[in-house]
Amino acid sequence: MSAPATSTALQETPCCAHHPGQEAVGTCARCGAFYCEAESIRHGEHTYCESCGGRPEVGHLERLRQELWGKRDGWAWLMLASAPLHLVFTVGMGMDGLWHWSVLGAANTAVVVAWFLGVPLARPALLLLPPLWLVGFTLKGRDLGVLALLAPAMGLALWLYASTRVRLFFRQEVDLERLERLWDARENNPLARHALVCGLAGLVVPVAAPLAMGLGVAGLRRVNLEATPPIGKRQQALAGLVLGGLGLVGWTGFVLWRLSQGLPLLP
Ligand SMILES: [Zn+2]
Ligand SMILES: [Zn+2]
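In structure tokens, the structure reads:
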């Protein structure tokens with residue numbers, strides 16, 4: 001704190017932001033400040049200054065990063081599962097002499113297998129597939145009705161490209177803000193979110209209503225704002241519980257009314 005700013009500015013190597021006498025060995029992955037050897041804190045692939053590295057949210061977010069780094073998600077296994085279908089299409093079209101479809105099929109096969117293997121190029125390559133199919137269809141003189149098929153595929157490809165979970169599988173850099181959102185979705189009381197989804201579903205599908213109530217109660221019991229990191233989403237759990245209750249009352253009333261009228265349960 002006492003060192004004059006001019007003396008540090010003239011030096012070739014930067015100084016530690018917290019210890020002006022010490023030479024900096026890197027910059028903090030959270031705040032960007034220079035840190036010295038003595039205060040650096042490593043979490044997996046990243047290094048932080050002393051004050052950031054000691055923050056509880058950095059600890060749990062880095063734990064999540066390490067847990068998912070290079071680890072396949074459901075989409076990776078789905079890609080592998082689709083590979084035989086792509087291969088059958090490729091070979092079948094080739095045997096019929098439709099080589100352009102065969103080449104497109106081969107490109108699909110290569111991308112899904114590379115995706116499963118975690119080859120980094122597969123992530124951007126997936127974005128090229130729907131446009132390639134569009135070109136293929138257009139060259140064959142199909143009308144633009146195929147867009148109805150290709151638009152959802154393109155949407156999925158874009159979503160997968162942007163997904164933090166997918167980035168971690170491909171060992172791509174992810175900042176703490178993205179990690180925080182992923183942590184919130186995966187680890188911060190997912191039962192409460194399931195309760196809300198089931199509560200809404202329970203208004204249409206009877207069996208989901210009691211399930212929503214059970215999940216709501218379980219989600220409420222998980223809430224612990226004193227924990228490190230704090231576990232929240234009380235409102236979502238409560239909403240699931242209330243919607244589940246309303247669904248159950250509504251469906252029970254419906255069944256009793258049908259029975260009292262001597263009507264069959266299913267219209
Ligand atoms: Zn820092
Ligand atoms: Zn220092």
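Using the working numbering, you'd call the opening residue of the sequence shown number 1 and step up by one each time.
From the three backbone atoms N, C-alpha and C, an ideal C-beta is built for every residue, glycine too.
Within 8 angstroms, strictly: CB atoms of residue i and residue j
| i | j | result |
| --- | --- | --- |
| L265 | V249 | no |
| T13 | A29 | no |
| A107 | L129 | yes |
| A201 | W251 | no |
| M154 | W115 | no |
| L132 | L87 | no |
| S102 | T90 | yes |
| V25 | H43 | no |
| G219 | G247 | no |
| A17 | A33 | yes |
| M213 | G244 | yes |
| R165 | L182 | yes |
| P206 | P56 | no |
| C31 | C52 | yes |
| G118 | G70 | yes |
| L179 | L85 | no |
| L136 | H100 | Residue 136 is actually Gly in this sequence, not Leu. Yes; because the gap between Cβ atoms is below 8 angstroms, this pair is in contact. |
With 16 other Cβ atoms within 10 Å as the buried cut-off, status of residue i
| i | result |
| --- | --- |
| Q236 | buried |
| C49 | buried |
| N224 | exposed |
| V204 | exposed |
| R221 | exposed |
| T6 | Low confidence applies to T6: its pLDDT is 48, below 50, so where it sits in the model is not reliable, and the reading given next is rough at best. With fewer than 16 Cβ atoms within 10 Å of its Cβ, T6 is classed as exposed. |
| P4 | Legend: pLDDT at P4 = 48, less than 50; position of this residue unreliable, no value from coordinates given. |
| A151 | exposed |
| Q261 | exposed |
| E62 | buried |
| K233 | buried |
| W257 | exposed |
| G54 | exposed |
| T276 | With the chain covering 1 to 267 only, the question about residue 276 has no answer from this structure. |
| G216 | buried |
| G199 | buried |
| L156 | exposed |
For residue i, the first and last residue of its enclosing beta strand (DSSP E)
| i | result |
| --- | --- |
| C31 | Careful: C31 lies outside any beta strand (DSSP E) and carries neither H nor E. |
| R72 | Taken as a continuous stretch (DSSP letters only), R72 belongs to no beta strand (DSSP E), as it is neither H nor E. |
| H19 | Note, H19: premise wrong, no beta strand (DSSP E); not H, not E. |
| T228 | No beta strand (DSSP E) contains T228, which DSSP labels as neither H nor E. |
| R42 | I41 to H43 |
| T47 | H46 to Y48 |
Enclosing alpha helix (DSSP H) for residue i [first to last residue]
| i | result |
| --- | --- |
| H194 | P190 to G202 |
| N108 | W99 to L117 |
| P124 | A122 to L139 |
| A162 | L147 to A162 |
| G262 | Element bounds for G262: n/a, residue is neither H nor E. |
| V217 | A208 to R222 |
| E177 | L176 to R186 |
Evaluate contact between the stretch 191 to 199 and the stretch 156 to 175, counting only Cβ atoms and requiring at least three cross-stretch pairs below 8 angstroms.
No: fewer than three Cβ pairs fall under 8 angstroms.
The stretch 109 to 126 / the stretch 155 to 165 touching (three or more Cβ pairs under 8 angstroms):
Counting Cβ pairs under 8 angstroms, three or more are found: they touch.
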